[in-house]
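Asker: Below you'll find the structure I mean.
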Amino acid sequence: MAAPLAPQFSSATRASSGPAAGNRKESNLGTENHLAAANREAAGREIEDAHIALHRTRAILTQLKVVGVAAPDVGRALSEAQHAYEQGVSKFRARSFVTAGEFAAASSELSRAVSILLLKTLRSRAGDEVYVPPKGIHRPLPGERRPSHEDFASVGSRLSRVLWLFENGTLPSEVI
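Residue numbers (the numbering used here): 23 to 198.
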């Protein structure tokens with residue numbers, strides 16, 4: 023549910039009149055200051071989100087170039103997202119927080135749309151090659167020798183010596 027754009031007043035504030043009218047003005051000022059601060063915070067979050075979305079989209083585009091995948095032509099959309107972000111920052115500096123938030127939200131959504139398009143392109147090529155093996159799996163390079171059982175036994179005996187050293191503080195006498 024969206025927050026109301028107009029400040030909310032209690033029925034007691036609306037019903038007051040006469041000498042309390044001065045208090046009502048002070049109450050309105052407090053509410054307006056609170057609303058302005060809320061708008062400022064919301065616009066700041068939107069600008070930050072837009073900045074992150076732009077950075078993420080550029081990183082995906084760079085990854086596509088590094089990998090050598092032909093990226094779709096998203097230059098115009100990305101420059102439009104950058105322009106909307108810059109307008110949002112400019113409006114924020116001019117203390118027009120609602121407008122700044124709208125520009126930043128537009129930039130963020132456009133950047134996300136571009137990144138989805140780029141990720142679909144990258145994913146469609148994912149079946150062709152594996153660029154980085156999953157964590158914990160070592161795949162030998164061409165020409166690299168696969169480890170044998172003797173290699174594993176050698177590593178196992180070294181590990182047992184290291185464990186002995188940690189547990190007892192010295193190596194067994196037959197090893198020394």
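Note that CB positions come from ideal geometry on N, CA and C, so glycine has one too.
For residue 138, count the other beta carbons within 10 Å of its own beta carbon; 16 or more makes it buried, fewer makes it exposed. Which is it?
Answerer: If you number the sequence shown from 1, residue 138 lands on position 116. Exposed, by the Cβ-count rule.
Asker: Could you say which of 130, 125, 101 and 119 lies nearest to residue 74 if we only look at CA atoms?
Answerer: Along the sequence shown, one-based indexing puts residue 74 at 52. If we check each option's Cα against that of residue 74, 130 comes out closest.
Asker: Taking C-alpha atoms, which residue in 168, 143 and 65 lies nearest to residue 86?
Answerer: As a first step, residue 86 must be located in the sequence shown, where it is residue number 64. The shortest Cα separation from residue 86 among 168, 143 and 65 belongs to 143.
Asker: Measuring only the C-alpha atoms, how far is residue 122 from residue 167?
Answerer: For the purposes of this step, residue 122 is taken as residue 100 along the sequence shown, with counting starting at 1. For the purposes of this step, residue 167 is taken as residue 145 along the sequence shown, with counting starting at 1. Going by the C-alpha atoms only, they are around 59 Å apart.
Asker: Kindly indicate which three-state DSSP category residue 93 falls into: helix, strand or coil?
Answerer: Mapped onto the sequence shown, residue 93 falls at position 71. It is coil, neither helix nor strand.
Asker: Please report how far the alpha carbon of residue 134 lies from the alpha carbon of residue 165, in whole angstroms.
Answerer: Here residue 134 refers to the residue found at position 112 of the sequence shown. Here residue 165 refers to the residue found at position 143 of the sequence shown. Straight-line Cα distance between these residues: approximately 42 Å.
Asker: Classify residue 90 as buried or exposed, calling it buried when 16 or more other Cβ atoms lie within 10 Å of its own Cβ.
Answerer: Position 68 of the sequence shown holds residue 90. By the 10 Å Cβ count, residue 90 comes out exposed.
Asker: Just to confirm before moving on: does the CB-CB distance between residue 200 and residue 126 stay below 8 Å?
Answerer: The structure shown does not extend to residue 200, since the chain spans only 23 to 198, so no value can be given for it.
Asker: For residue 83, tell me which candidate among 71, 72, 70 and 97 has the shortest Cα-Cα distance.
Answerer: Within the sequence shown, numbered from 1, the residue matching residue 83 stands at position 61. Among 71, 72, 70 and 97, the Cα nearest to that of residue 83 belongs to 97.
Asker: Can you check which of these residues, 124, 78 and 62, is closest to residue 117 by C-alpha distance?
Answerer: Here residue 117 is taken as the residue at index 95 of the sequence shown, counted from 1. Here the closest residue by C-alpha is 62.
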